[in-house]
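Report on the following structure.
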Amino acid sequence: MFYEIRRYQTQPGRRAEWVRYMEEVVIPFQESKGMSVTASFIDEDDPDGYVWIRGFEDEAQRKERYAAVYESDRWQNEISPVVQELLIPEKIVVTRVVPTPASAIR
1 MFYEIRRYQT QPGRRAEWVR YMEEVVIPFQ ESKGMSVTAS FIDEDDPDGY
51 VWIRGFEDEA QRKERYAAVY ESDRWQNEIS PVVQELLIPE KIVVTRVVPT
101 PASAIR
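As structure tokens, this is what we get:
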């Protein structure tokens with residue numbers, strides 16, 4: 001099992017709009033394609049910062065879920081354009097992590 005910790009910067013002043021879009025559209029859509037979303041956070045110290053976590057059993061599952069989400073017509077034609085408008089894409093940081101034996105998230 002491993003996780004992606006995904007850190008995003010929204011366009012200035014648009015974080016609330018981003019959080020609504022994530023919670024109403026992006027997360028439900030990704031979960032409908034089998035993606036496991038573990039958590040979603042706003043950054044208390046950065047008014048435009050957002051972090052979320054997704055989990056995968058293994059690399060094969062990650063590739064399968066990525067394809068199901070990012071190669072879909074709905075993602076490419078409807079969701080991705082909004083994501084590109086609300087985020088600063090060049091500031092996306094994805095960190096892949098593996099839980100330690102005592103981690104509460106497994």
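The opening position of the sequence shown corresponds to residue 1 in UniProt numbering, with each subsequent residue numbered one higher.
No residue lacks a Cβ here, since even glycine has one placed at the ideal position from N, Cα and C.
Starting from residue 10, follow its DSSP beta bridges and name the residues at the other end. 87
Buried or exposed by the 16-neighbour rule on C-beta atoms within 10 Å, applied to residue 93: exposed
If you follow the beta strand (DSSP E) that residue 103 is in, where does it begin and where does it stop? Careful: residue 103 lies outside any beta strand (DSSP E) and carries neither H nor E.
Alpha-carbon spacing of residue 85 relative to residue 53, whole angstroms: 21 Å
Return yes when the Cβ of residue 7 is within less than 9 Å of the Cβ of residue 100, no when it is not. no
Secondary structure of residue 79, DSSP reduced to three states: helix
Exposure label - residue 106; buried when at least 16 CB within 10 Å: exposed
Could you pull the DSSP bridge partners for residue 52 from this structure? 6 and 40
If I measure Cβ to Cβ from residue 24 and keep anything under 8 Å in the same chain, skipping five residues before and after, which residues do I get? none
Just the C-alpha distance for residue 76 and residue 12, rounded to the nearest angstrom, thanks. 24 Å
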